[in-house]
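Here the protein sequences come in this chain order: A and B. The opening residue of the first sequence carries number 0 in numbering that gives the first Met the number 0; numbering runs sequentially from there. The opening residue of the second sequence carries number 0 in numbering that gives the first Met the number 0; numbering runs sequentially from there. Presented below is the structure to which this report refers.
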Amino acid sequence: MRNHPMRTIVAAALVAMALPAAAGPERITWPAGFAEDYVLYLQVDRHDRNRVRFMYVNPEADAQARGGEALPDGTVLIMADRDAQLDSDGNPVIGPDGRFVATGDFTNIFVMEKGAGWGEGQPADMRNGDWDYAWFQPDGQLKPDAQYGGCFSCHAYRDERDFTFTYAKFLIDQGR
Amino acid sequence: MKHASWVMGIVLLAAGQAGAAEHVVKMAGGAYEPAVLNAKVGDTIRFVNQDADWHNVFVPTAAFALDLGKQEQGAETILNLTKPGTFEVECVQHLPMLLTVEVAP
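Okay, structure coming up:
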């Protein structure tokens, strides 16, 4: 029985679609326009690095989570860094709200995304549920020399909060 | 008269600073000690890690959120209390470590 080339191509495409994307940052899409389209839920002043970290969540996941549901597949959490404004002595300027004042554009954008079955591609000793991580540069390109072991090992400390340091706590504090 | 007002301002400023307190919070035995702290705006908190393991001061509370970074054994960090309210302090590595700080105006 001869196999038609088109049949082979279609079969290969179907198999590829059925398989989860390989583990790693490449399966996370650059969240273009996040500063306008996502929900900014927290600012974290990083005193030891003179940085201001802005925490975002995609609106679809935020709506479900605030409604009492678990964070769904497709949840995207972003930690975007900007420099803190410094005074003439090199100390961070404190704004009228008692917080650091951010200056300049985003310098690094760290993304964690949850995907169906994504954890299955991770070694058991570093699996963070179905989360994976990506470190983007401001131009939307993945940081070439980024290491991700620290993301998994550190977020593992918050397994009771679905591996999130701030968003699950934010929901708790909001009374959800 | 303008000079008198200026002197009065200096005196009030000095009095305000004299009233500021430093609170010491130990990181010991995998816990913050004390676990609840009452302070006021202008006070400072000195965190002292007495454990062999590292800890840190991570505040996830909205409008107060901050991170003082990794704190090794024997290291100290200082947190200035700049506004009133209540916030929680967690250790990144040890979730059960919890400190509640209540800052009065």
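Positions of the beta carbon are idealized from the N, C-alpha and C atoms, including for glycine. Quick caveat: nothing in here was measured; it's all calculated off a predicted structure.
With a beta-carbon spacing of about 6 angstroms, Leu78/B and Val56/B fall inside the 8 angstroms limit used to define contacts. Separation of Arg45/B and Ile171/A (C-alpha to C-alpha, rounded to the nearest whole angstrom) is 28 angstroms. Going by DSSP, Phe99/A is part of no alpha helix (DSSP H) at all; its letter is neither H nor E. Taking Val100/A as the centre and dropping the five residues before and after it, the same chain places the C-beta of Gln84, Val92, Gly94 closer than 6 angstroms to its C-beta, in chain order. At a cut-off of 8 angstroms between beta carbons, Ile27/A makes no contact with chain B.
At the C-beta level, Arg157/A and Leu94/B come within 8 angstroms of one another.
Annotation note: the region 11-74 of chain A contains the following uninterrupted beta strand (DSSP E) runs of length 3 or greater, listed N- to C-terminal: 38-45, 50-56. Distance from the CA atom of Thr43/B to the CA atom of Lys142/A, rounded to whole angstroms, is 38 angstroms. Note that the C-beta distance between Val91/B and Cys150/A is not below 8 angstroms. Leu39/A counts as exposed, since fewer than 16 other beta carbons sit within 10 angstroms of its beta carbon. When only Cα atoms are considered, Pro33/B and Lys25/B end up about 7 angstroms apart. Residue His22/B holds the alpha-carbon nearest to the alpha-carbon of Val35/B among Gly18/B, His22/B, Leu67/B. The straight-line gap separating the alpha-carbon atoms of Gly28/B and Trp53/B is approximately 11 angstroms. The residues Met125, Asn127, Phe162, in chain order, have a CB closer than 8 angstroms to that of Ala155/A in the same chain once the five nearest residues on each side in sequence are set aside. Of the candidates Tyr55/A, Gly97/A, Ile108/A, Val75/A, the residue whose Cα lies closest to the Cα of Trp130/A is Val75/A. Between the beta-carbon of Val88/B and that of Leu98/B there is about 4 angstroms, and that keeps the pair under the 8 angstroms contact cut. Nearest to Ala22/A by C-alpha distance, out of Glu112/A, Asp47/A, Gly139/A, is Glu112/A. Check the Cα spacing between Phe63/B and each of Pro30/A, Gly97/A, Ala123/A: the tightest is with Gly97/A.
In the DSSP annotation of this structure, Phe135/A is not part of any alpha helix (DSSP H); the continuous beta strand (DSSP E) holding it starts and ends at 130-135. Identification of residues in the region 80-102 of chain B having a C-beta nearer than 7 angstroms to some C-beta of chain A yields Thr81, Lys82, Val91, Gln92, Leu94, given in sequence order.
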